[in-house]
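Keeping their order, the protein sequence lines are chains P and E.
Numbered by the numbering used here, the letters in the first sequence go through residues 999 to 1767 in order.
Numbered by the numbering used here, the letters in the second sequence go through residues 24 to 178 in order.
Ideal placement from N, C-alpha and C gives every residue a C-beta, glycine not left out.
Beneath this line is the structure, given in structure tokens, with notes to follow.
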Amino acid sequence: MERQIIGKNVEKIDALALATGQPVFTDDINLPNTLHIKFLYSPHANAIIEDIDTSEAEKLRGVHMVLTYKNTPQVYHTTAGQGWPEPSPYDTCMFNQHVRFVGDRVAAVAADSEEIATEALKLIKVKYNVLPAVFTPEEAMKEGAPILHEENPQGVYDYKKNLVAHIEVKAGDIEKGFKEADVVVEHTFETQFAQHSPIETHATISYLDENGRIVIRSSTQVPFHVRRIVAQVLGIPVSQIRVIKPRIGGGFGSKQEIILEEVCAFVTMKTGRPARAVYSREEEFISSRTRHPMKITVKIGAKKDGKFTAIRMYALSNTGAYGTHGLTVASNTGSKTLPLYNKAPNVEFVADVVYTNLPVPGAYRGYGATQGYACLEQTVDMVAEKLGLDPIAIRKINHIRKGETSPIFEALGEGREGVVQYIESEAIDKLLELGAKEIGFYEKWGKKIRNGSKVRGVGMSLHMQGSGIPKIDMGSATMKLNEDGSVNVLYGGTDIGTGLDTVVAQIVGEVLSIDPKKVIVYPSDTDITPFDKGAYASSGTFISGSAVYNTALKLRDQILEVAKEMFGEQDSKDYILKDGFVISERSGKRVSLSEMAYDTFYVKKQKQIMAVGSFVSESSPPPFAAHFVEVEVDEETGIVTPIKYVAAVDCGIVINPELTKGQIIGAIVNGIGYALTEEYKFGENGKVLNPNFMEYRIPSSRDIPEIVPILVETYEPTGPLGAKSVSEININGAIPAIGNAIYDAIGVRIGSSPYTPEKVLKALKEKNK
Amino acid sequence: MKVHYKINGKDYEFDIHPGKVLLDVLRENGFTEVKGNCYMGTCGACTVLINGTPKTSCTILAAKINGAEITTIKGIGDILNPHPLQKAFVEKGAVQCGYCTPGTILSAYALLKQNPNPTDEDIKKAIDGNLCRCTGYVQQIEAIKYAIALLKEGR
């Protein structure tokens, strides 16, 4: 099929508004009479609030409400904005009497100004019964450890052991697989707490509409889940709530959580006044969400020819004080990694997800796969070394191919059983070859090129992810034709900066053969647009895009039907849409979409040409990516500097190359930060010691290497116009590829990320002992 | 207390609390194109030009710069008449979520005023204080280089 609109660099439709500072974000509108909300946080990692006295705070002029566990709904729910029934435990209340980490919410003040609210917080007197705390999963699982959730939350595996979830899936006979192997390698790797760090922090404003319904304008990735969960917490029907998603200043998973919305809505419901809550950068670090740190052990058995006989992965996940996304992130650690090496007939994945008295991990780009690949892709290199194979060769022997499946697909989904899936598009060998060529892998690998104290090395890693959650994620759209041949598209999807609205305009433009500028896209407003699960699980283009594609096809059918009537012909099988016209190839008759709309609005057969469509997927087609990196390790300082980073990516048909490139590079740089500098530092009492960009270092423009994205197109038959996802996968490469490159350079493996100078120097010292 | 500024070429007088930082004064008075939140001068989202020099408005006391000339992103171009830098950011895929974009463009604008022929290193240095979590900077740097070409052509 000839592509007209997709595959082109259509300008991002909201880019000029953003580049010129139009008031498009949540907090850019300022409602009169707004109450400003500020929070009081627990200074203790584990404590029961014995007494809380808010009377002095309430007396302060300008204070209208002080919220605590005493006067807010004690409805146990999950803050995870996931589909329903929810896979995360119901272990959170708006305010808890039992506070479980330094940063857990104790109270909130709603006042006429932020200054008054902040002042009032100081007047709240709290008496805590401080309890012993646990900070590692190992401590938390020990006999006699403090129980974090004594209420035995719905959805928790074993609350007495602080065990939120336990996952065990098996295929084949794992012990037999290891016995058959000529070499067996086992490797353990630990990943750290990290923050998403979108530059816009969490922000919500709420107000009553003229009929007394609550309107929530929020920086969220999941408007429809916000509506459902706020209704649950407040005990009111969803019909009383409208959630509007304005432009979002980045999310990366952190805004897949209901954190401020229910508090704002409650204040508005109780006072009738607009309410506003905006997290500071510090609050973002201590009280929003983080990435699940994991300790992962991978054991691989392989024959002399390189073929894997068995893979076992064990993941121990720290889910902090609350279990949001605990089960599903850990599920993905196995389900998004192990099928990549389907040549191993014997596979086992086990995971434990454990509460501790630390900040709360949630969804974060990569979603467990990042952690899984950090360990798996270094272990694969270790096996290759033992067998005398190179890293690319061993992957070529073992990777999954088009037409193939893996038993893991069926055994393990997101928090429940998965679905049988066959790979329908795949270009891994090409990714490996092109990536290796671009970095000069075979010219550099094993050469340890030295310049004084600096040694260069190269490393690589291979990845897959998914596109949406099969049989769960649904998206839908409506669209209608206007007098000038333009089309309004209302879809439930949530562009959070990725460019999804533009992709949608291109899909509609392609199906109807109209200029994407004539596609007016209106995303996710729960009153106006139909449902969509939201922006997560790499589902934007695949799920929301497919919903739009299906709807555009229906609109197209209606257009052809009307054309048939207008042409006075019997059937429309020879009709084509071209540049805003319907043309009968048989009779040569033509009508523009504009004329058609005038005709159906005002003249004949009067009706609105309008369609509604939905999409739910039976599968989650994985994109694939091969990452290559050249690093320089300074043996004197321990500093690791990436010199060049290459990502060869198969995401199916590329709908917009420039936007796709942006997703790839952005994820790589986020990954590099996670691999080299980004980590939470905690005090002995569990307090975050570095809750700011001064001490928590995310990459700046001067920290980036040369980055080369290579797009290798395949055609994914289950995706819209052949597309798969690209948003998450490229964050997964930096830890393993850089880890493998460090090994290539200096011959040491560092057991945990980030690869800080201290760890590199320590590893070198041990090696030279 | 009262302060006077020239913002984007127009004169303004605000009655402010002496403890307020410029970012808050600007946003409260409708200049919401100035973004912010870190209040430490570390993210750069709140960058404005003060007498032509890029500064983080979250770390400047509004009272201290009474009489200053302030330029926000709307001062260099708006949605109807965008500046070549704004056009270049749009065209080169350098705008994702867009939250950092106004600050980054203003830093680049100040650089190009001083040095119309910057090297890649000069560009990286100029926007070093404008953190971006979406783009990975590559397309931003490409956009700034493209804007230099546009400016030379007088577009």
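So who's on the other strand from residue i, going by DSSP bridges?
| i | result |
| --- | --- |
| Ile1227/P | Partner(s): none; Ile1227/P has no beta bridge. |
| Glu1184/P | Lys1297/P |
| Arg1310/P | Lys1297/P and Glu1346/P |
| Met1472/P | Val1614/P |
| Met1462/P | Phe1622/P |
| Tyr35/E | Tyr28/E |
| His1034/P | Ala1109/P and Arg1274/P |
| Phe1023/P | Arg1245/P |
| Ile1203/P | Arg1215/P and Arg1274/P |
For residue i, does the count of other Cβ atoms within 10 angstroms reach 16, so buried, or fall short, so exposed?
| i | result |
| --- | --- |
| Met1692/P | exposed |
| Gly1459/P | Residue identity differs from the one stated: residue 1459/P is Ser in this sequence, not Gly. Its Cβ being crowded by 16 or more others within 10 Å, Ser1459/P is buried. |
| Pro1528/P | buried |
| Gly1153/P | buried |
| Trp1443/P | buried |
| Pro41/E | exposed |
| Pro139/E | exposed |
| Leu46/E | buried |
| Ser1585/P | exposed |
| Val1224/P | buried |
| Pro1130/P | exposed |
| Tyr1320/P | buried |
| Thr142/E | exposed |
| Ala172/E | exposed |
| Gly1101/P | buried |
| Pro1715/P | exposed |
| Met24/E | exposed |
Residue i touches chain E at which residues, Cβ-Cβ below 8 Å?
| i | result |
| --- | --- |
| Glu1009/P | Val113 and Glu114 |
| Ile1666/P | Gly159 |
| Arg1700/P | Lys147, Lys148 and Asp151 |
| Asn1690/P | Cys61, Met63 and Thr65 |
For residue i, go through chain P and note every residue whose CB falls closer than 9 Å to its CB, in chain order.
| i | result |
| --- | --- |
| Ala68/E | Ile1197, Glu1198 and Gly1247 |
Using a Cβ cut-off of 7 Å, pull out every chain P residue sitting near residue i, in sequence order please.
| i | result |
| --- | --- |
| Cys123/E | Ile1197 |
| Gly32/E | Result: empty, since nearest Cβ-Cβ is about 16 Å, beyond 7 Å. |
| Gly100/E | Thr1018 |
| Leu154/E | Ile1197, Phe1691, Ile1696 and Ser1698 |
| Ile128/E | Ala1017 |
Taking residue i as the reference, give the member of the options with the closest Cα.
| i | options | result |
| --- | --- | --- |
| Leu1498/P | Ile1003/P, Gln1002/P and Asp1012/P | Asp1012/P |
| Thr55/E | Gly64/E, Met63/E and Ala68/E | Ala68/E |
| Ala1739/P | Thr1716/P, Pro1272/P, Gly1717/P and Lys1445/P | Lys1445/P |
| Val1345/P | Gly1370/P, Tyr1320/P, Arg1310/P and Pro1359/P | Arg1310/P |
| Trp1082/P | Gly1532/P, Val1652/P, Ile1257/P and Ala1503/P | Gly1532/P |
| Lys1341/P | Thr1331/P, Tyr1205/P and Asp1303/P | Asp1303/P |
| Glu1431/P | Glu1481/P, Tyr1067/P and Pro1389/P | Pro1389/P |
| Gly1483/P | Val1501/P, Val1506/P, Asn1668/P and Tyr1713/P | Val1506/P |
| Arg1318/P | Tyr1753/P, Asn1355/P and Val1296/P | Reading the sequence as shown, one finds Gly at residue 1318/P and not Arg. Among Tyr1753/P, Asn1355/P and Val1296/P, the Cα nearest to that of Gly1318/P belongs to Asn1355/P. |
| Ser1285/P | Asn1683/P, Cys1262/P and Ser1252/P | Ser1252/P |
| Glu1054/P | His1096/P, Asn1044/P, Tyr1741/P and Ala1115/P | Ala1115/P |
| Pro1521/P | Asn1548/P, Ser1544/P, Ala1550/P and Gly1491/P | Gly1491/P |
| Phe1347/P | Ala1361/P, Asn1330/P and Ile1557/P | Asn1330/P |
| Glu1198/P | Thr1218/P, Arg1226/P and Leu1657/P | Thr1218/P |
So which residues of chain E does residue i contact, with C-beta pairs closer than 9 Å?
| i | result |
| --- | --- |
| Asn1127/P | In chain order: nothing, as chain E lies at least about 34 Å away. |
| Asn1031/P | Result: empty, since nearest Cβ-Cβ is about 15 Å, beyond 9 Å. |
| Arg1279/P | Asn60, Cys61, Tyr62, Met63, Thr65 and Cys66 |
| Asp1026/P | Arg50, Thr55, Glu56 and Lys58 |
| Thr1496/P | Gln119, Cys120 and Cys157 |
Which chain P residues are close to residue i, counting only those with a beta carbon under 8 Å from its beta carbon?
| i | result |
| --- | --- |
| Cys81/E | The premise fails here: Cys81/E is roughly 10 Å from chain P at the closest Cβ pair, so nothing lies under 8 Å. |
| Thr142/E | Here the premise fails: no neighbours, minimum Cβ distance about 13 Å. |
| Thr13/E | What the structure shows of chain E is the stretch from 24 to 178, and residue 13/E is not part of that stretch, so it cannot be assessed. |
| Gln162/E | Glu1656, Lys1659, Gly1660 and Ile1663 |
Looking at residue i and the ligand GDP, is the gap between the Cβ and the nearest heavy atom below 7 Å?
| i | result |
| --- | --- |
| Ile1011/P | The ligand GDP is not part of this structure, which contains no ligands at all. |
message: Threshold first: 4 residues or longer. Then list the alpha helix (DSSP H) segments lying entirely within the region 38-96 of chain E, N to C.
response: 45-51
task: Give, in chain order, every unbroken run of the beta strand (DSSP E) that is at least 3 residues long and sits entirely within the region 1495-1536 of chain P.
output: 1517-1521
task: Output the residue ranges of the alpha helix (DSSP H) runs that lie fully inside the region 1562-1622 of chain P and measure 4 residues or longer, sorted by chain position.
output: 1591-1596
task: Let me know the beta strand (DSSP E) ranges lying completely inside the region 1065-1115 of chain P, each 3 residues or longer, listed in chain order.
output: 1103-1109
- prompt: Going along the chain, which unbroken runs of the alpha helix (DSSP H) with 4 or more residues stay wholly within the region 1211-1263 of chain P?
  reply: 1221-1232
- prompt: Hey, which unbroken runs of the beta strand (DSSP E) at 3 residues or more fall wholly within the region 1621-1705 of chain P?
  reply: 1622-1632 and 1638-1648
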